[in-house]
Amino acid sequence: MSDVYRDAIERLSHVPGVRGALIVDMGAGVPVTAEVETGISPDALAALAAALYERTARASDAAGFGALSTFHLEAEGGHVVMAGAGDLVLIALVDDDAQLGRVRLETQRAAETLQ
Amino acid sequence: MKHTELPHVVRALRDPLHAFVHESRARIAILVSRSGQVLAQHGFTSTYEVMNVASLAAAAHASSNMLADLTHAGHWKHLFHDGAERKMFLATLVTPLEPFVLVVIFDRQSSLGLVQLFFDRLSKTVARLPELQRGVERTDLASFEKDLQAGLERIFPVDAREEV
Amino acid sequence: MKTPAPADLQRWSDELARNPASLAFLPLARAYRRLGRKDLAMRLCLRGLEEHPANVEAHALLALLYLERGERERAADEWSIVLRLKPGNFEALRGMGFRYLEENDIPRARQHLERAALIRPADAAVQEALRLLRQREASARLEEVGAEPASAPQEDEMLTLVEEVWTPDLAGFPSFIDEDPAAAGAQGAAAAEPIELREEDVEPWAVAPADEAERHAEAVDVQAEPAPRRETATAIGDPGRVFETLMIGPILGALLLDARGLVLAGNLRAEGSADDIGAIIGGAVDEAKRTVSYLELGGWRGFLMEAQSAVIHVSPVHPEATVVLAAEPGAPTGWILRTAEQAGRLAARFLEAYP
Chain C
7 MSDVYRDAIE
17 RLSHVPGVRG
27 ALIVDMGAGV
37 PVTAEVETGI
47 SPDALAALAA
57 ALYERTARAS
67 DAAGFGALST
77 FHLEAEGGHV
87 VMAGAGDLVL
97 IALVDDDAQL
107 GRVRLETQRA
117 AETLQ
Chain Z
119 MKHTELPHVV
129 RALRDPLHAF
139 VHESRARIAI
149 LVSRSGQVLA
159 QHGFTSTYEV
169 MNVASLAAAA
179 HASSNMLADL
189 THAGHWKHLF
199 HDGAERKMFL
209 ATLVTPLEPF
219 VLVVIFDRQS
229 SLGLVQLFFD
239 RLSKTVARLP
249 ELQRGVERTD
259 LASFEKDLQA
269 GLERIFPVDA
279 REEV
Chain L
19 MKTPAPADLQ
29 RWSDELARNP
39 ASLAFLPLAR
49 AYRRLGRKDL
59 AMRLCLRGLE
69 EHPANVEAHA
79 LLALLYLERG
89 ERERAADEWS
99 IVLRLKPGNF
109 EALRGMGFRY
119 LEENDIPRAR
129 QHLERAALIR
139 PADAAVQEAL
149 RLLRQREASA
159 RLEEVGAEPA
169 SAPQEDEMLT
179 LVEEVWTPDL
189 AGFPSFIDED
199 PAAAGAQGAA
209 AAEPIELREE
219 DVEPWAVAPA
229 DEAERHAEAV
239 DVQAEPAPRR
249 ETATAIGDPG
259 RVFETLMIGP
269 ILGALLLDAR
279 GLVLAGNLRA
289 EGSADDIGAI
299 IGGAVDEAKR
309 TVSYLELGGW
319 RGFLMEAQSA
329 VIHVSPVHPE
339 ATVVLAAEPG
349 APTGWILRTA
359 EQAGRLAARF
369 LEAYP
């Protein structure tokens, strides 16, 4: 496993409030590497979140907004923060009361290291 | 699987298969018996020679199982062919009656991850279907009468009934 | 407060009946407010703002009307809009200052009240509030270093001040709301004449009722809370301008979509058509809802997309409707989220008016 991938996930999973961090192959929707809390399915998260990111990236392009760089989904039970890195997407599953500014920053930084 | 069980099985699998295609965004899902018989199909099937796909898929499934045996891999969870436009996912759908082969064809509207995710859910749903539980007696009127007569004959042997 | 002359009421009403986009709605609304017909004043304001969404005075009057109804949050929304349009507006600065005081957001309260004091140093309410704030801050600093504060303003002293300023007769809020040069001119001539609102004055743009019974029913209806407006050709404003007040700075626009991804209202400064963008984003909304459902994250609250040429925020405003807000890339995220909340409120108001 590439150190770059491992380091990116390690760093992201240590941000307070992050319950899971994954690098996912966007096309296949399967995790390349993951660090998640017990009870979270990395395969399900990878498949669903990557599909959403990919779908939204196509929507962004089709609507004339250009390439998508980050996506932040907010729900009652938490957030999913994603950042694209070529064919990969970095995904963080976050608690509702986390410091989102920091999570977004770290997700973007981690994605940059993968490019 | 008895021949008489087939219609019940197909009927029972219809809704879960439909849900699988809808949720996974696959183009087509074909449920095939191990002998290559098409049991059910959902999705955009008109562009495919479904019967031929089913036969070949069953053969591919059998070959890959042989390969798993020869390489001591146990059993493969699934087979995945990654094409430029279309992809194929082939997996064993285990049921209490007998295992079936599920052939899924999808494009970029879906992904391997999604297909796998919803296949796992389909498997769990199918495993719980009452129609597929071995030992459950499925009766129709004719069999009911036959069973009733058999019971009466046990309770009231012919000689005794004649006496009554 | 000055009372309006009947001749002026007539003149404004006639003008509005002839031209629903006329600014005559503003003095007429003020007049109705002075006469105690505040519900009518509010209806006039809301309708006038559809035609003139950036009219500062209308927003300020609406803020006052909301305040008088006890709807402080809505009043604060209107003052926020006023400040975006006219950052130096005294009433809005003072209003927001007291709102922040009530919410115990001392830094923001201080910021707004100090700016208000610069504009009108003689305003007693602002000066009193600042005095209390400074006292409290001084006491807090003394406490930090372990010294005994001489005297600290009690929490209720602050709230009492807020309540005094925000009492129903709003003694603390005179100013330009009552200043109407046109009314002042006619005042001398018609001072002794009693004011009577005729039925035609009430809704000059309404379709004339067919018979006496219907006219009577309408007159009674006027006494009630603002009802959804009748759909006459003149009564329906331009849905494309529902979010116009938000389109300042880096905001490119906003759209209100129904459950099918069809555009109900709003406008967007973008390459594609609003309908196309609505349909495309509607698809992403479905995907987002699905993801949240399968991941068992509860209900979805929205999403934010950062793309090359725009930042898009999408959120539900209703079980069956969604607001899409677009901004230029690089716009501060917190500001986008707050503007999105504003857009949500405008959308909710629109949906209430046109169910």
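Protein chains in written order, with the numbering used here: chain C, 7 to 121; chain Z, 119 to 282; chain L, 19 to 373. A virtual CB, placed ideally from N, CA and C, is assigned to each residue, including glycine. Note that the structure is a prediction, hence the values are computed from the model and not measured.
Residue i in three-state terms, based on DSSP
i, result
"residue 226 of chain L", "Reliability fails at residue 226 of chain L, whose pLDDT of 41 lies under 50, so the model's placement of it is uncertain and the value that follows must be treated cautiously. Three-state DSSP puts residue 226 of chain L in coil, outside helix and strand."
"residue 32 of chain L", "helix"
"residue 213 of chain Z", "coil"
"residue 251 of chain Z", "coil"
"residue 242 of chain Z", "helix"
"residue 46 of chain C", "coil"
"residue 159 of chain Z", "strand"
"residue 220 of chain Z", "strand"
"residue 201 of chain Z", "coil"
"residue 89 of chain L", "coil"
"residue 25 of chain C", "strand"
"residue 163 of chain L", "coil"
"residue 189 of chain Z", "coil"
"residue 373 of chain L", "coil"
"residue 3 of chain C", "The requested residue 3 of chain C is not part of the displayed model; chain C covers only 7 to 121."
"residue 167 of chain Z", "coil"
"residue 37 of chain C", "strand"
Selection from the options that minimises the alpha carbon distance to residue i
i, options, result
"residue 151 of chain Z", "Z/236, Z/194, Z/232, Z/209", "Z/209"
"residue 106 of chain C", "C/9, C/11, C/18, C/14", "C/18"
"residue 332 of chain L", "L/350, L/304, L/326, L/316", "L/304"
"residue 120 of chain C", "C/31, C/52, C/55", "C/31"
"residue 94 of chain C", "C/42, C/50, C/57, C/46", "C/57"
"residue 48 of chain L", "L/60, L/38, L/40, L/37", "L/60"
"residue 80 of chain L", "L/88, L/63, L/89", "L/63"
"residue 206 of chain Z", "Z/188, Z/193, Z/228", "Z/228"
"residue 106 of chain L", "L/133, L/288, L/76", "L/133"
"residue 317 of chain L", "C/81, C/99, C/25, C/108", "C/81"
"residue 53 of chain L", "L/42, L/76, L/93, L/23", "L/23"
"residue 139 of chain L", "L/103, L/112, L/118, L/297", "L/112"
"residue 83 of chain C", "C/100, C/96, C/69, C/113", "C/100"
"residue 346 of chain L", "L/148, L/288, L/28, L/39", "L/288"
"residue 172 of chain Z", "Z/198, Z/250, Z/189, Z/153", "Z/153"
"residue 334 of chain L", "L/157, L/363, L/58, L/353", "L/363"
"residue 25 of chain C", "C/97, C/34, C/54, C/53", "C/97"
"residue 217 of chain Z", "Z/149, Z/186, Z/160", "Z/149"
"residue 102 of chain L", "L/372, L/370, L/356, L/369", "L/356"
"residue 79 of chain C", "C/54, C/91, C/40, C/13", "C/54"
"residue 354 of chain L", "L/339, L/371, L/321, L/311", "L/321"
Buried versus exposed, by CB contacts within 10 Å (16 or more), residue i
i, result
"residue 20 of chain C", "exposed"
"residue 26 of chain L", "buried"
"residue 95 of chain L", "buried"
"residue 91 of chain L", "exposed"
"residue 328 of chain L", "buried"
"residue 144 of chain L", "buried"
"residue 237 of chain Z", "buried"
"residue 116 of chain C", "buried"
"residue 162 of chain Z", "exposed"
"residue 201 of chain L", "Note that residue 201 of chain L has pLDDT 40, beneath the 50 cutoff, so the model's placement of it is unreliable and no number is given."
"residue 114 of chain L", "buried"
"residue 266 of chain L", "exposed"
"residue 251 of chain Z", "exposed"
"residue 159 of chain L", "exposed"
"residue 37 of chain C", "buried"
"residue 111 of chain C", "exposed"
"residue 230 of chain L", "Annotation note: pLDDT 44 at residue 230 of chain L (below 50); position unreliable, no value reported."
"residue 37 of chain L", "exposed"
beta-carbon residue i near the ligand PLP non-hydrogen atom, thresh 6 Å
i, result
"residue 67 of chain C", "As for the ligand PLP, it is missing from this structure, which has no ligand bound."
Item to check | Uninterrupted alpha helix (DSSP H) stretches inside the stretch 91 to 146 of chain L (no shorter than 4 residues) | outcome: Those alpha helix (DSSP H) runs which fall completely within the stretch 91 to 146 of chain L and span 4+ residues are 108 to 120, 124 to 137.
Checklist entry - Do three or more CB pairs link the stretch 237 to 244 of chain Z to the stretch 126 to 142 of chain Z at distances below 8 Å? => result yes
Item to check | alpha helix (DSSP H) runs wholly inside the stretch 260 to 348 of chain L, at least 4 long, in chain order | outcome: If you keep only unbroken alpha helix (DSSP H) runs of at least 4 residues inside the stretch 260 to 348 of chain L, you get 292 to 312.
Next on the checklist: Check whether the stretch 297 to 312 of chain L and the stretch 58 to 67 of chain C touch, using three or more Cβ-Cβ pairs below 8 Å as the test.
Outcome noted: yes
Checklist entry - Hey, is the stretch 259 to 269 of chain L in contact with the stretch 67 to 81 of chain L, meaning 3+ C-beta pairs nearer than 8 Å? => result yes
Item to check | Runs of alpha helix (DSSP H) lying entirely within the stretch 71 to 95 of chain C, each at least 4 residues, in chain order | outcome: none
Checklist entry - With a cut-off of 8 Å, do at least 3 Cβ pairs link the stretch 72 to 87 of chain C to the stretch 318 to 325 of chain L? => result yes
Item to check | Contact between the stretch 270 to 278 of chain L and the stretch 40 to 52 of chain C (3+ Cβ pairs under 8 Å) | outcome: no
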